[in-house]
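Student: First residue of the sequence shown? That's 52 in our numbering, and the numbers climb one at a time after it.
Using N, Cα and C, we set each Cβ at its ideal position, and we do this for glycine too.
Note that the coordinates shown come from a computational prediction; the quantities given were computed from them, not determined experimentally.
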Amino acid sequence: MKRSEFLKAGSLAAAPLLLNGLPVMANPGTGNLFFDYLGQVMYGCGKVLVIIQMNGGNDGLNMIVPIDKYSNLNNGRSNIILPQNAILSLNNNPTTGMHPAMAELRNLYNDGKMVIVQGVSYPNPNFSHFRATDIWFSASDSNVNLDTGWLGRSLNTQYPNYPAAFPNVDMPDPLAIQIGSTTPFSLQGPSVNMGYNVTDPAALLNVINATTDPAPNNDYGRELTFLRLMKDQSNTYRVAIQNAYNAQATQSTLYPASGNTLADQLKIVARLIGGGMKTPVYIVNHPNSHDTHVDQVVAGNTTTGSHANMLTILSKAINAFQNDITLMGKAQSVTGMTFSEFGRRIISNASMGTDHGVAAPVMFFGAALNPGMVGLSPEIPDAPTVTSQVPMQYDFRRLYSTIMQDWMCMTPAESQSVLGSNFVKLPIFVSSDGALPLEDITLTGQYFSGETRLSYKVEDNTHYEKFTVEFSSDGVNFSPLQSVNRVSLNGTETYSFTHVSNAPKLFYRIKGQLLQGGRIKYSNTILLRSNARQQLISVFPNPVENNQIYVRFMEQPDSWVDITIYDLLGAKVYYNRFTNVSGQLSFRVPPSFARDTHYILEVQYGETVAREQLIFR
Numbered sequence: 052m053k054r055s056e057f058l059k060a061g062s063l064a065a066a067p068l069l070l071n072g073l074p075v076m077a078n079p080g081t082g083n084l085f086f087d088y089l090g091q092v093m094y095g096c097g098k099v100l101v102i103i104q105m106n107g108g109n110d111g112l113n114m115i116v117p118i119d120k121y122s123n124l125n126n127g128r129s130n131i132i133l134p135q136n137a138i139l140s141l142n143n144n145p146t147t148g149m150h151p152a153m154a155e156l157r158n159l160y161n162d163g164k165m166v167i168v169q170g171v172s173y174p175n176p177n178f179s180h181f182r183a184t185d186i187w188f189s190a191s192d193s194n195v196n197l198d199t200g201w202l203g204r205s206l207n208t209q210y211p212n213y214p215a216a217f218p219n220v221d222m223p224d225p226l227a228i229q230i231g232s233t234t235p236f237s238l239q240g241p242s243v244n245m246g247y248n249v250t251d252p253a254a255l256l257n258v259i260n261a262t263t264d265p266a267p268n269n270d271y272g273r274e275l276t277f278l279r280l281m282k283d284q285s286n287t288y289r290v291a292i293q294n295a296y297n298a299q300a301t302q303s304t305l306y307p308a309s310g311n312t313l314a315d316q317l318k319i320v321a322r323l324i325g326g327g328m329k330t331p332v333y334i335v336n337h338p339n340s341h342d343t344h345v346d347q348v349v350a351g352n353t354t355t356g357s358h359a360n361m362l363t364i365l366s367k368a369i370n371a372f373q374n375d376i377t378l379m380g381k382a383q384s385v386t387g388m389t390f391s392e393f394g395r396r397i398i399s400n401a402s403m404g405t406d407h408g409v410a411a412p413v414m415f416f417g418a419a420l421n422p423g424m425v426g427l428s429p430e431i432p433d434a435p436t437v438t439s440q441v442p443m444q445y446d447f448r449r450l451y452s453t454i455m456q457d458w459m460c461m462t463p464a465e466s467q468s469v470l471g472s473n474f475v476k477l478p479i480f481v482s483s484d485g486a487l488p489l490e491d492i493t494l495t496g497q498y499f500s501g502e503t504r505l506s507y508k509v510e511d512n513t514h515y516e517k518f519t520v521e522f523s524s525d526g527v528n529f530s531p532l533q534s535v536n537r538v539s540l541n542g543t544e545t546y547s548f549t550h551v552s553n554a555p556k557l558f559y560r561i562k563g564q565l566l567q568g569g570r571i572k573y574s575n576t577i578l579l580r581s582n583a584r585q586q587l588i589s590v591f592p593n594p595v596e597n598n599q600i601y602v603r604f605m606e607q608p609d610s611w612v613d614i615t616i617y618d619l620l621g622a623k624v625y626y627n628r629f630t631n632v633s634g635q636l637s638f639r640v641p642p643s644f645a646r647d648t649h650y651i652l653e654v655q656y657g658e659t660v661a662r663e664q665l666i667f668r
């Protein structure tokens with residue numbers, strides 16, 4: 052179905068429930084197939100995700116400001132840049148600040164209830180609002196156009212009897228609630244529009260009275276029958292929504308009295324959550340377009356203007372909602388996120404605005420987060436030009452993978468199946484036992500003539516207080532060898548350590564202690580050998596030439612050999628399994644590897660895992 056055709060069909064939203072004068076769509080789908088799927092799998096978790104969509108492409112550089120790059124940023128946008136003394140500082144983050152209109156969100160960050168993920172985008176970004184939104188909603192590559200959403204296909208696989216068996220005892224409430232009156236294209240499932248639509252009052256009356264005209268025995272009739280089922284469901288959900296809304300009064304006094312429709316939407320969400328709704332996903336929309344090509348700021352006072360007004364609305368609304376949820380005793384089970392389809396360019400326009408850009412920050416808020424900043428302050432050239440862009444640090448699908456695994460209780464295999472590839476998690480959430488994801492400390496090592504040489508790279512160095520090298524001769528019982536305090540405030544930092552031992556097997560790992568709460572996070576564990584062969588593998592040439600890689604084994608692999616190459620963000624970029632390997636393996640990788648860029652080569656055979664850093668010339 053073409054977009055124009057579907058929008059025509061999908062915009063027939065009829066008789067929505069009104070709460071405080073705002074239309075509430077009680078849909079089996081959210082309008083976003085990604086969030087539809089999240090809603091399905093969260094029923095067993097008791098957790099709630101609240102999504103705030105900031106339509107139009109938000110200027111992340113004016114929202115989350117790289118104060119360590121202020122001079123370069125000023126070179127590109129001197130007519131709109133915030134005065135440096137007006138930028139709000141953040142605890143334990145000397146590189147980054149917030150727009151002065153976001154005082155409430157700055158306080159949430161400093162209180163440990165916010166995570167900022169820097170540089171979120173995807174490869175080969177698209178700058179069309181429609182297409183970029185499609186990519187975010189479908190989780191597709193930028194050069195792939197999907198007729199169905201990946202979550203729609205997942206729902207069809209997981210719930211083949213839907214909608215006939217819903218609602219039921221286990222799922223009595225909507226899978227998601229969207230506040231608003233639009234139905235985005237992503238509601239289209241594999242074969243049908245999954246939205247609840249009523250064309251006129253007479254049709255709604257037929258649903259209420261359980262009377263229907265006979266449906267013809269053709270494709271149209273089957274579609275009509277499906278839509279009638281959806282209508283029946285929505286009216287059942289209508290009662291549940293009303294009961295929950297009336298069961299819980301607003302607790303917070305921080306909601307603005309008027310002029311903030313985002314806060315009005317979040318107030319309804321809070322009442323529904325507090326009233327016992329099992330709905331796991333809520334979607335609200337910022338009322339303003341963030342497409343600020345002109346008049347983003349007011350000349351003479353860049354702390355004011357249209358963007359400042361948007362951020363004021365956002366900050367006050369989220370703060371009131373978080374306060375409300377906390378007073379209701381729901382803070383540990385509710386988290387929220389903001390997103391926009393793209394960012395803005397580094398350089399400003401003469402018309403006091405900014406054009407469509409690449410990467411932008413995503414904010415998470417809640418009490419169950421690993422607080423702080425994921426990623427580095429964005430790189431800004433000394434002399435930005437019209438083509439200068441904020442570079443991507445994290446593919447948005449890594450955020451989706453993190454949400455699904457660490458918040459929605461999905462397995463890594465389920466996440467990979469849904470996304471079509473393995474997108475490595477980010478350290479956004481704290482797990483139920485207080486442990487943190489194990490993704491951002493990478494340990495490598497070599498053994499030479501009685502001496503182990505270790506190197507470990509820390510991607511989020513500013514979050515840590517100290518690191519401890521731990522050793523084991525059996526892979527089970529580890530003891531500390533050396534502890535060092537964080538050596539810099541660099542986002543990424545590399546540490547080294549030398550150890551003398553003649554144990555037959557040498558296991559090493561790194562224990563990182565975080566600043567927030569003293570929580571512990573471990574690196575990968577590596578195994579080295581102290582026999583005459585000295586090391587497990589030898590990789591050559593390194594730097595790699597002509598994409599040809601040779602791996603020499605110091606011991607005979609037992610059977611198959613798995614070769615995996617990761618980029619330094621942890622994303623898998625190559626995998627192959629080889630059989631009947633003797634002492635040496637030769638293989639060629641695709642020409643897509645970036646030159647003068649480091650990668651991690653992982654070689655696994657049996658229970659043995661060895662890693663080497665690679666660079667391509």
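Given a cut-off of 8 Å on the beta-carbon distance, is the pair E510 and T543 in contact?
Tutor: Residue mapping note: residue 510 aligns to position 459 of the sequence shown, counting from 1. Residue mapping note: residue 543 aligns to position 492 of the sequence shown, counting from 1. Yes, the pair counts as a contact, with Cβ atoms nearer than the cut-off.
Student: By the three-class DSSP mapping on this structure, what secondary structure does T377 have?
Tutor: Residue 377 sits at position 326 when you count from the first residue of the sequence shown. Reduced to three states, the DSSP call for T377 is helix.
Student: Could you please give me the residues that DSSP links to S637 through a beta bridge?
Tutor: One-based indexing of the sequence shown puts residue 637 at position 586. According to DSSP, S637 bridges with Y601.
Student: Between the beta-carbon of F522 and the beta-carbon of Y559, is there less than 8 Å?
Tutor: In the sequence shown, counting from the first residue as 1, residue 522 sits at position 471. In the sequence shown, counting from the first residue as 1, residue 559 sits at position 508. Taking 8 Å as the Cβ cut-off, F522 and Y559 qualify as a contacting pair.
Student: Assuming V612 and F629 make a contact with CB atoms under 8 Å, what is their CB distance in whole Å?
Tutor: Position 561 of the sequence shown, counting from 1, holds the residue named residue 612. Position 578 of the sequence shown, counting from 1, holds the residue named residue 629. With 8 Å as the limit, V612 and F629 qualify as a contact, their Cβ atoms being about 5 Å apart.
Student: In terms of residue numbering, what span does the alpha helix (DSSP H) encompassing T312 cover?
Tutor: The residue given as residue 312 occupies position 261 in the sequence shown. Per DSSP, T312 belongs to the alpha helix (DSSP H) from T312 to G325.
Student: Hey, could you find the ends of the alpha helix (DSSP H) V535 is sitting in?
Tutor: On the sequence shown, residue 535 is found 484 positions in, with the first residue counted as 1. V535 -> not in any alpha helix (DSSP H); beta strand (DSSP E) instead, spanning S530 to N536.
Student: Is DSSP giving Q585 helix, strand or coil here?
Tutor: Within the sequence shown, residue 585 is the residue found at index 534, counting from 1. Since pLDDT at Q585 reaches only 46, below the 50 mark, its modelled position is unreliable, and the value read off the structure follows with that caveat. The answer is coil: DSSP assigns Q585 none of H, G, I, E or B.
Student: Given this structure, state the Cα-to-Cα distance separating G148 from N113, to the nearest angstrom.
Tutor: If you number the sequence shown from 1, residue 148 lands on position 97. If you number the sequence shown from 1, residue 113 lands on position 62. Distance between the alpha carbons of G148 and N113: 10 Å.
Student: Excluding the 5 residues preceding and the 5 following L487 in the sequence, name in chain order all residues of the same chain whose CB lies nearer than 8 Å to its CB.
Tutor: Residue mapping note: residue 487 aligns to position 436 of the sequence shown, counting from 1. Here the model assigns L487 a pLDDT of 46, short of 50, so the residue's position is not dependable, and the following value carries that caveat. If the five residues before and after L487 are omitted, its C-beta is found closer than 8 Å to the C-beta atoms of N421, P478, V481, L565, R570, I571 and K572, all from its own chain and listed in chain order.
Student: Excluding five sequence neighbours on each side, which residues of the same chain lie with their C-beta closer than 6 Å to the C-beta of D446?
Tutor: Within the sequence shown, residue 446 is the residue found at index 395, counting from 1. Cβ neighbours of D446 beyond the five flanking positions: Y173.
Student: Once the 5 residues before and after V624 are set aside, which same chain residues still bring their CB inside 6 Å of it?
Tutor: Numbered from 1 along the sequence shown, position 573 holds the residue referred to as residue 624. Here the set comprises I616 and D618.
Student: Determine the direct distance from the alpha carbon of D457 to that of M443, and round the result to whole angstroms.
Tutor: On the sequence shown, residue 443 is found 392 positions in, with the first residue counted as 1. On the sequence shown, residue 457 is found 406 positions in, with the first residue counted as 1. Rounded to whole angstroms, the separation of the alpha carbons of D457 and M443 is 23 Å.
Student: Assign V171 to buried or exposed, taking buried as 16 or more other Cβ atoms, counted over all protein chains shown, within 10 Å of its Cβ.
Tutor: Within the sequence shown, numbered from 1, the residue matching residue 171 stands at position 120. Answer is buried; the Cβ neighbour count reaches 16.
Student: Just verifying my parser: in three-state terms, what is the DSSP assignment at T184?
Tutor: If you number the sequence shown from 1, residue 184 lands on position 133. It is helical.
Student: So what does DSSP say about E465, is it helix, strand or coil?
Tutor: One-based indexing of the sequence shown puts residue 465 at position 414. Correct three-state label for E465: helix.
Student: Identify every residue that forms a DSSP beta bridge with H649.
Tutor: As a position in the sequence shown, residue 649 is number 598, starting the count at 1. Here H649 is bridged, per DSSP, to I666.
Student: Mapping DSSP to helix, strand and coil, what is L124?
Tutor: Taking the sequence shown and counting its residues from 1, one reaches residue 124 at position 73. In the structure shown, L124 sits in a helix (DSSP, three-state: H, G or I).
Student: Counting pairs of beta carbons, one from the region 148 to 159 and one from the region 425 to 444, are three or more of them closer than 8 Å?
Tutor: Contact fails: fewer than three Cβ-Cβ distances are below 8 Å.
Student: Using the rule of at least 16 other Cβ atoms within 10 Å of the residue's Cβ for burial, across every protein chain shown, is L323 buried or exposed?
Tutor: Sequence index remark: in the sequence shown, residue 323 carries index 272 (1-based). Buried, because 16 or more other Cβ atoms sit within 10 Å of the Cβ of L323.
Student: Expressed to the nearest angstrom, what Euclidean distance is found between the alpha-carbon atoms of G240 and K164?
Tutor: Locating residue 240 in the sequence shown gives position 189, where the first residue counts as 1. Locating residue 164 in the sequence shown gives position 113, where the first residue counts as 1. The predicted model places G240 with a pLDDT of 46, which falls under 50 and marks its position as unreliable; any figure quoted below should be read in that light. G240 and K164: Cα-Cα distance of roughly 35 Å.
Student: Compute the Euclidean distance between the alpha carbons of I397 and A291, then round it to the nearest angstrom.
Tutor: Residue numbering aside, residue 397 sits at position 346 when the sequence shown is read from its first letter. Residue numbering aside, residue 291 sits at position 240 when the sequence shown is read from its first letter. Using only the alpha carbons, I get a separation of about 47 Å.
Student: Grab me the residues of E516's own chain with a C-beta within less than 8 Å of its C-beta, minus the 5 sequence neighbours each way, in chain order.
Tutor: To locate residue 516, count along the sequence shown from 1; it is residue 465. Contacts found: N536, R537, Q564, L565, L566 and G569.
Student: In chain order, which continuous runs of the alpha helix (DSSP H) of length 4 or greater are located wholly inside the region 374 to 441?
Tutor: The alpha helix (DSSP H) runs of length 4 or more contained entirely in the region 374 to 441 do not exist; there are none.
Student: Pull up the distance between the alpha-carbon of T503 and that of N512, whole angstroms please.
Tutor: For this step, residue 503 is matched to residue 452 along the sequence shown. For this step, residue 512 is matched to residue 461 along the sequence shown. Using only the alpha carbons, I get a separation of about 24 Å.
Student: Taking C-beta to C-beta, are V335 and V320 nearer than 8 Å?
Tutor: Within the sequence shown, the letter at position 284 stands for residue 335. Within the sequence shown, the letter at position 269 stands for residue 320. Their beta carbons are under 8 Å apart, which means V335 touches V320 by this criterion.
Student: If I measure Cβ to Cβ from F86 and keep anything under 7 Å in the same chain, skipping five residues before and after, which residues do I get?
Tutor: Within the sequence shown, the letter at position 35 stands for residue 86. Its pLDDT being 46, under 50, F86 is placed unreliably in this model, and the value from its coordinates should be taken loosely. For F86, same chain residues with a beta-carbon under 7 Å away, outside a window of 5 residues either side, are I102, A227, V332 and I334 in chain order.
Student: Count the other CB atoms, across all protein chains shown, that sit within 10 Å of the CB of R157; report buried if there are 16 or more and exposed otherwise.
Tutor: Taking the sequence shown and counting its residues from 1, one reaches residue 157 at position 106. Flag for R157 reads buried.
Student: Which term fits Y626, buried or exposed, when burial requires 16 or more other beta carbons within 10 angstroms of its beta carbon?
Tutor: Taking the first residue of the sequence shown as position 1, residue 626 is located at position 575. By the 10 Å Cβ count, Y626 comes out exposed.
Student: Taking the C-alpha atoms as reference points, what is the distance between Y306 and N400?
Tutor: For the purposes of this step, residue 306 is taken as the residue at position 255 of the sequence shown. For the purposes of this step, residue 400 is taken as the residue at position 349 of the sequence shown. If I take the Cα positions, the gap works out to 35 Å.
Student: Closer than 7 Å to a non-hydrogen atom of the ligand NAD - does that hold for the CB of I132?
Tutor: Judged by which ligands are present, the structure shown has none, so any question about the ligand NAD falls away.
Student: At the level of alpha carbons, what is the spacing between L38 and H550?
Tutor: The first residue shown for the chain is 52 and the last is 668, placing residue 38 beyond what the model contains.
Student: Considering just the uninterrupted stretch of the alpha helix (DSSP H) at T453, what are its terminal residues?
Tutor: Residue numbering aside, residue 453 sits at position 402 when the sequence shown is read from its first letter. Start and end: F447 to T453.
Student: Go ahead and pull the three-state DSSP assignment for Q135.
Tutor: Residue numbering aside, residue 135 sits at position 84 when the sequence shown is read from its first letter. Three-state DSSP puts Q135 in a helix.
Student: Can Y507 and T519 be called in contact, C-beta distance under 8 Å?
Tutor: Position 456 of the sequence shown, counted from the first residue, corresponds to residue 507. Position 468 of the sequence shown, counted from the first residue, corresponds to residue 519. For Y507 and T519, no; Cβs fall outside 8 Å.
Student: Given V425, which residues of its chain have a CB within under 8 Å of its CB, disregarding the five upstream and five downstream residues?
Tutor: For the purposes of this step, residue 425 is taken as the residue at position 374 of the sequence shown. Cβ within range, chain order: V166, I167, V168, Q169, Y445, L477, P478, I479 and D511.
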